[in-house]
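K.L.:
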Amino acid sequence: MDFLISQNYVNYVCQCGLLKPLTNLYFCRHCLNLRCSFCCHHEVDSHFCRNCLENIPSSEAKLRKNKCNSCFDCPSCSFSVLSARATTIQVPMTVKEKQEGEESSTTTSEASSGKMVAKKMYYLACLACRYSSRDVGISDQASQNFCWPEQEYMHANRFNTILNYYQALVLHDKQVKQDEKRRKTTNKSKFQSMTDRTGLNVSAIRRQMGFDKTVSKPKNKPASILPSMTEEVEELSEDIFTKPINLKNITTIEQRFTQPANQPESVKHLYPQHKNLSIKRSIRCRHCEHNVIKPEYNPTSIKYRIQQFASSHVPEVRIIKCYPLMPNKSAFITLKLTNPTMNDMTITIMELPTDDEEVMMIDEMKKNFESLTVSSKSSLMRPSLIEDPRIVSCKPTAKLELPDSSFVINQRDDSAEFDDEIQTDKKDPKFVIWRKANKIAIELSITPNDLKVNDEVIVGFTMHYTYSTVPSTTAEKKDSQQRHALNARVYLNVGNIVDYSTK
Amino acid sequence: MPLFETVFQEKPAIVMEIGSAYTKIGFCGEAHPRFILPTEIESIRDVLKKTEKNLYDQAVDFFNKIFFDYLLVSPKDRKVSFVESTITTPTLIRESFAKVLFHHFEVASILFLPLHLVSLSTLAIDTALVVDIGYKEAVILPVFNGVQILKAWQAQPLGGESIHDGIKASLILNGVKDEILSERVIEDIKVRTCFVTKQARAVAHRNNESIQPCPDVDYPVDGSDVIKIPGNLREFALEVLFPEDNDYLGLPYIIIDAIIKCPVDSRKELAENILLIGGTSSMMGIKSRLRDELRTLIKSEFYMDRLYIDDVKFHNAPSKPNFTGWLGGSIYSATDLISNSITRENYLKHPKIPDWIFYDGSSTRNQG
Amino acid sequence: MEICDTYYSKDEFVETASGNKVNRQTVLCGSQNIVLHGKVIVDKGAIIRGDLANVRTGRYCIISKNAVIRPPFKQFSKGVAFFPLHIGDHVYIGENSVISAASIGSYVYIGKNAVIGRRCVIKDCSIIEDGAILPPETTLASFMKFTKEGKIEGGQGTESVPPAMLDLMVDFTKSFYEHFIPSTH
Amino acid sequence: MSRNENKVKIMPKAIVCEDCIIQGDVTISSGCVVHPSAQIIAETGPIVIGENCIIEEYAKIHNRIQPESPDKPHILTIGPNNIFEVGSVIEASKIGEKNIFECKSFVSSDVEVSNGCVICAGCHLSGGQHLLENTVIFGKHCQQREALDRISGSHMLQLDFLRKILPNYHHLRKAKQ
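Residue numbers (the numbering used here), protein chains in the order written: chain R, 7 to 509; chain C, 42 to 409; chain E, 775 to 959; chain S, 427 to 603.
Dropping the structure here:
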């Protein structure tokens, strides 16, 4: 019943050698090969907040440190989002309201000064763990979306001083070096590069410490910072030995890390945290640099600008049923093949390549790729790298009897969807059980190897299919359609060996 | 912050510190990491552990998460800085990381920064005794005038892991079921209930004198059980860092050992510039305890005439101890020194990462 | 794996003109407020609370055994109100799940024993794992998966949710409906 | 069982839908709302439900604590103003007032719940606990926290609404003393 798991009974071999279900694979139309998310290149396409579903331009996202302005995560339970709750409080009339009030009423301002009006105030609350912004002493706000007080980082100033100091120091050091170069003073010792590399650019510090007297003191030497060492060390409070602790008031490490800057130890300092943004990504084939997926910007859109799913190009194999499997005894499996394309497909089922052949395939692929990059290597482009293709980790544990002839699956026809008629074609070879529009059911015989009870039975085959490229633009002529013969390696997990003694 | 970004580079470098328990990630020039998340590469926590996926695949998955779920940047053509414990990071791991980042993610350059050294830049000093107490081990390395004194390096498996083992063993002795004590639960017990006690009480405890124990805590585990955490465990669980035996390998001893291996004229300065970093050093009371222990040691008969130091002083970095190293990397990478990284072009020519033994200047140096 | 045939006895189910198949042992309160847009299966023990507010589902929805569809309420200063609950097309709701969302998009898979808190918004092409618990007012964006651990993961182009989720759910719900057939005896 | 059925006491002004399962010695105080398909089973001892409680669909309140002696059964007393949401299973030994048991929460028989507590959706609580007032149990690992500021007030308003709406759509059980 669980379709998310059951998908994985049928796996296709991606060109990089990984086994994946067809729904997780892409088909690069330019290389005519299967691709998966592992062997493709991912890029951030657009940023959005997954709570308010607003698209945020990347420059703005960067400025806001990839956080959403208006949504807050609960710092206490980390999996839920805080929602703004409204309360009405009675506040004394403000001057402005007073004036409005005066217009409508005849009472004097003196008399109305004690008058109270209802005002809507907002606070943030978590509906899961009942955390509320009032818990940590944030006062209620008049506006729902903005002006929640930002937390201050206690080390911010000191950090900025140090950062400025170092940046000035390095810049200064660079200037000194350039000056030296200009003067052509060869002051370099061969040990310098060693220490240079390891860290703080020793020469700079030595100079600053006054060790290196040969360098004249340049103009804008950054002022050094007072050291921070202290004898004072935070003492353990005596209370800890006598007072019982309340676990509910001490944060867990997970809660602390929701605020990496302050890492509060008490729940009283758990402040609402701006929600981290999410991304939409586009995926690019590493071989030809074409996109296989490019989503739309709109965060709520489920459409793609470019989508090259393998499931809409490669015939899909499904297991309909399988007879009980016993070691060394042949059994029948029924497979359903679906043609997702608009052209008829001729399919031949063949043996999987042997190990040697597989190695040869990989070598050839590498060579092809290298020749490709060498030939197309422009001076500006940096060479793209591919993932090293691997040998398929899965080994079949049963022998498949190959059908003696190839067969044709009709093209997809959306209008035929409502035809439930099962067609049987006399011309079809014997192993074809039925046809229905673009689907075909075939029956094959398999013989599991010498396996034990409950061992998985895996069969594999190479599916040789014809594929016609559809003209990508309407401008192209129809006869530009090309036919290709492609291969896909398919591994089926047909079930486990049954215990025949109980039968 | 935008000022620096425009002045120095358009895309700020990514700074990571992949610890054995937690990974700190963020951008250079920022005052704190954006995220601290559990390290999800099993081989780092436990090098010998047999895992289904190899290190390369695990690292791809983990970096995928870092780039696309947390930092939200395309790694292509980005600069990456790694803060790492140079001496203790296995070559296999750093080379795998380099391969993953250059091959799979096509980053522009990688800069490996020695943890102990860059930690100093958070204080703008160039001499300190850096004590890193992490999850797997405590590593001590003196840095003098910006040079790491490698021969004085000290490391002992004193850290989060040994504390966790201690807590677990002691709770099981008290009759708590093994299966409810997951790593997460043990860590939570440590973080929320345990602390480092005072020296006097620790001595009394060691000598089996009776002291008034601190209060017990009833700790609910996953809603299915309530276990009692005895006061003794809360107070003395972290004593594993301060063992008193004939090996003399407790934290204070190895700190003194590190100092003693340094030249005499540098010792005083080092002892007065101690910097505590690493996750375990955020435990309550550890700093004051270390100070007391060290003071006792330098006045002890054995060290009196060898050490020639009179006091110890500690630094307070502008950070939480668990990301001090990261912060150093952030400061360092925000300067122009990041141009000293290994670039992708160079890596593709010589796929080798220089380290302490093998150093080939050609792969790190750009011309100039 | 091709979906196996599920047989039901003709006495237990009512089939409407629009192709809805509703088990007789369901609790459809306030049925005048419930709109099932055709080819919807409501299995045994499911409860749809049309009495609280309107409930509308699209085509090819599957509401499994003992699932509870319950419009959410919201508190106002003057009282509470229950809000209508809309479910899109091709949605699968697993056994024993409790749905109090404000809206559920199309092509959504909700596992068994899931709890969807009050006024959640579930967008198209998302997955809720078995046993996942969505706190009230959560938004689950398209192509995201809400896991048992309470984390939201995925996004367009990741493997948490298949990129071709739309086709997958259309195919799944349609063939589920086609294989949901009366037993012949 | 029919003998037990007679022991069900529904106070006036309580709204109890017809198709819920109530077995054994159960007292439902006035102002309560029991939704269809709820279960209240007094197996080993009586259950007394206080005023203004809401018991939703598939919620199951079950008294199955074995009494110390057969003539002194354990009485499960539930205070007023509690909410038992969809699919919650409650076997607690004692429940105070103003608690919320969210969807699919579970409270075992060795747990005592005081007042103002919230057991969040999906939390399973067992193991001899006594929840202090205003405890919130949340998350996958049943973390505890103390609610300082409770969002309250929706309870009575919701009851008012349900009392108005439910009689229009459901057959109700008659109140009897």
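Just so you know, even glycine gets a beta-carbon here, dropped at the ideal spot from N, CA and C.
1) Just checking, does the segment 251 to 268 of chain R make contact with the segment 53 to 60 of chain C on the three C-beta pairs under 8 angstroms criterion?
2) Go ahead and label H953(E) buried or exposed: buried means 16 or more other beta carbons lie within 10 angstroms of its beta carbon, across all protein chains shown.
3) Compare the Cα-Cα distances from S531(S) to each of K121(R), C74(R), I95(R), A134(R) and report the closest residue.
4) So, with DSSP's three-state summary, where would you put H581(S)?
5) Please report how far the alpha carbon of H597(S) lies from the alpha carbon of G832(E), in whole angstroms.
6) Classify K498(S) as buried or exposed, calling it buried when 16 or more other Cβ atoms lie within 10 Å of its own Cβ.
7) Between which two residues does the beta strand (DSSP E) harbouring V121(C) extend?
8) Identify every residue that forms a DSSP beta bridge with A169(C).
9) Output the distance between the C-alpha atoms of K26(R) and V141(C), rounded to the nearest integer angstrom.
10) Could you tell me the distance, in whole angstroms, from the CA atom of T352(R) to the CA atom of I326(R)?
11) The ligand GTP and D219(C): does the residue's C-beta get closer than 7 angstroms to at least one heavy atom of that ligand?
12) Do you know how far the Cα of T475(R) is from the Cα of Q488(R)?
13) Could you tell me the distance, in whole angstroms, from the CA atom of N887(E) to the CA atom of G542(S)?
14) On the three-state DSSP scale, how would you describe D79(R)?
15) Would you list the one or two residues that DSSP bridges to R287(R)?
16) Can you tell me the Cβ-Cβ gap for L408(R) and I355(R), rounded? I've got them flagged as a contact below 8 angstroms.
17) Compile a chain-ordered list of the residues in the segment 844 to 867 of chain E whose CB is closer than 7 angstroms to at least one CB of chain R.
18) Quick check on H178(R) - is its C-beta less than 8 angstroms from some C-beta in chain E?
19) Check each candidate in N345(R), F54(R), V239(R), K405(R) and name the one with the smallest Cα separation from Q417(R).
20) Any C-beta of chain E sitting closer than 8 angstroms to the C-beta of C479(S)?
21) Please list, in chain order, the chain E residues whose beta carbon lies closer than 9 angstroms to that of V544(S).
22) Quick one: is I441(S) near chain E, going by C-beta distance under 8 angstroms?
23) Rounded to the nearest angstrom, what separates R75(C) and F68(C) at their Cα positions?
24) Which value, in whole angstroms, describes the spacing of the CA atoms of E106(R) and A148(R)?
25) What residues of chain S sit near E923(E), judged by a beta carbon separation below 8 angstroms?
26) By the 7 angstroms beta-carbon criterion, what residues does the segment 802 to 822 of chain E contribute toward chain S?
27) Going by DSSP in three states, D497(S) sits in which element: helix, strand or coil?
28) Exposed or buried, which one is V365(R) when buried takes at least 16 other CB atoms within 10 Å?
29) Indicate whether at least one CB of chain E lies closer than 8 angstroms to the CB of L133(R).
30) Around the Cβ of I270(C), are there at least 16 other Cβ atoms within 10 angstroms (buried) or fewer (exposed)?
31) Compare the C-alpha of V123(R) against each of P98(R), D505(R), L130(R) and name the closest.
32) If you drop the 5 nearest sequence neighbours on each side, which residues of the same chain put their C-beta closer than 7 angstroms to that of V50(R)?
33) Compile a chain-ordered list of the residues in the segment 316 to 329 of chain C whose CB is closer than 8 angstroms to at least one CB of chain R.
34) Which one of A241(C), V262(C), D110(C) has the shortest CA to CA distance from I252(C)?
35) Against L574(S), what residues of chain R qualify as contacts under a CB-to-CB distance less than 8 angstroms, listed in chain order?
36) So who's on the other strand from M918(E), going by DSSP bridges?
P.N.:
Checking against the coordinates, here is how it stands:
1) Taking 8 angstroms as the limit for Cβ pairs, the verdict is that the segment 53 to 60 of chain C does not touch the segment 251 to 268 of chain R.
2) Taking the first residue of the third sequence as position 1, residue 953(E) is located at position 179. With fewer than 16 other Cβ atoms within 10 Å, it is exposed.
3) Locating residue 531(S) in the fourth sequence gives position 105, counting from the first residue. Distance from the Cα of S531(S) is smallest, within the candidate group K121(R), C74(R), I95(R), A134(R), for A134(R).
4) Your numbering for residue 581(S) matches position 155 in the fourth sequence. Looking at H581(S) - three-state DSSP - the assignment turns out to be helix.
5) The residue given as residue 597(S) occupies position 171 in the fourth sequence. The residue given as residue 832(E) occupies position 58 in the third sequence. In this model, H597(S) and G832(E) are separated by some 29 angstroms (Cα to Cα).
6) Residue 498(S) sits at position 72 when you count from the first residue of the fourth sequence. Exposed: under 16 other Cβ atoms inside 10 Å.
7) Here residue 121(C) refers to the residue found at position 80 of the second sequence. Per DSSP, V121(C) is one residue of the beta strand (DSSP E) stretching across 120 to 125.
8) As a position in the second sequence, residue 169(C) is number 128, starting the count at 1. Partner(s): V184(C).
9) Locating residue 26(R) in the first sequence gives position 20, counting from the first residue. Locating residue 141(C) in the second sequence gives position 100, counting from the first residue. Whole-angstrom Cα-Cα distance: 21 angstroms.
10) Locating residue 352(R) in the first sequence gives position 346, where the first residue counts as 1. Locating residue 326(R) in the first sequence gives position 320, where the first residue counts as 1. If you take the alpha carbons of T352(R) and I326(R), they lie about 21 angstroms apart.
11) In terms of ligand content, the structure shown is empty, and the ligand GTP therefore cannot be addressed.
12) Here residue 488(R) corresponds to residue number 482 of the first sequence, with the count starting at 1. Here residue 475(R) corresponds to residue number 469 of the first sequence, with the count starting at 1. Across the structure, Q488(R) and T475(R) are spaced so that their CA atoms are roughly 5 angstroms apart.
13) As a first step, residue 887(E) is located in the third sequence; it is residue number 113 there, counting from the start. As a first step, residue 542(S) is located in the fourth sequence; it is residue number 116 there, counting from the start. One C-alpha to the other measures close to 27 angstroms.
14) Taking the first residue of the first sequence as 1, we reach residue 79(R) at position 73. The three-state secondary structure of D79(R), taken from DSSP, is strand.
15) Stepping through the first sequence from its first residue, residue 287(R) is reached at position 281. Under DSSP, R287(R) forms a beta bridge with V50(R).
16) Residue numbering aside, residue 408(R) sits at position 402 when the first sequence is read from its first letter. Residue numbering aside, residue 355(R) sits at position 349 when the first sequence is read from its first letter. Rounded, the Cβ-Cβ distance is 6 angstroms, consistent with contact.
17) Only S851 from the segment 844 to 867 of chain E bring a Cβ to less than 7 angstroms from some Cβ of chain R.
18) Residue 178(R) sits at position 172 when you count from the first residue of the first sequence. Answer no: the Cβ-Cβ gap between H178(R) and chain E never drops below 8 angstroms.
19) Position 411 of the first sequence, counted from the first residue, corresponds to residue 417(R). The shortest C-alpha separation from Q417(R) is found at N345(R).
20) One-based indexing of the fourth sequence puts residue 479(S) at position 53. It does not; no Cβ of chain E falls within 8 angstroms.
21) Mapped onto the fourth sequence, residue 544(S) falls at position 118. Residues of chain E with a Cβ closer than 9 angstroms to the Cβ of V544(S) do not exist, since the nearest Cβ in that chain sits about 12 angstroms away.
22) Counting from 1 along the fourth sequence, the entry for residue 441(S) is found at position 15. The C-beta of I441(S) comes no closer than 8 angstroms to any C-beta of chain E.
23) The residue given as residue 75(C) occupies position 34 in the second sequence. The residue given as residue 68(C) occupies position 27 in the second sequence. In a straight line, the C-alpha of R75(C) is about 8 angstroms away from that of F68(C).
24) Within the first sequence, numbered from 1, the residue matching residue 106(R) stands at position 100. Within the first sequence, numbered from 1, the residue matching residue 148(R) stands at position 142. At E106(R) the pLDDT is 47, less than 50, meaning the model places this residue with poor confidence and gives no usable figure here.
25) In the third sequence, counting from the first residue as 1, residue 923(E) sits at position 149. K566, listed in chain order.
26) Those would be C803, G804, I821, in chain order.
27) Against the fourth sequence, residue 497(S) aligns to sequence position 71. Coil at D497(S), not helix or strand.
28) For the purposes of this step, residue 365(R) is identified with residue 359 of the first sequence, where counting begins at 1. Sixteen is the threshold: since fewer than 16 other Cβ atoms of the shown chains lie within 10 Å of the Cβ of V365(R), the residue is exposed.
29) If you number the first sequence from 1, residue 133(R) lands on position 127. Yes - at least one Cβ of chain E is within 8 angstroms of the one on L133(R).
30) If you number the second sequence from 1, residue 270(C) lands on position 229. I270(C) counts as buried, since at least 16 other C-beta atoms from the protein chains shown sit within 10 angstroms of its C-beta.
31) As a first step, residue 123(R) must be located in the first sequence, where it is residue number 117. For the residues P98(R), D505(R), L130(R), the minimum Cα distance to V123(R) belongs to P98(R).
32) Numbered from its first residue, the first sequence carries residue 50(R) at position 44. Counting only residues of its own chain and dropping the five nearest sequence neighbours on each side, V50(R) has a CB closer than 7 angstroms to the CB of I285, R287.
33) Those residues of the segment 316 to 329 of chain C that come within reach of chain R (Cβ to Cβ, closer than 8 angstroms) are S323, M325, G326, K328, S329.
34) Counting from one through the second sequence, the residue named residue 252(C) turns up at place 211. Considering only A241(C), V262(C), D110(C), the residue with the shortest C-alpha distance to I252(C) is A241(C).
35) Translated into positions along the fourth sequence, residue 574(S) becomes position 148. Listed by position along chain R, the residues whose Cβ is nearer than 8 angstroms to that of L574(S) are S138, R140, D141.
36) Translated into the one-based positions of the third sequence, residue 918(E) becomes position 144. G928(E), per the DSSP bridge assignment.
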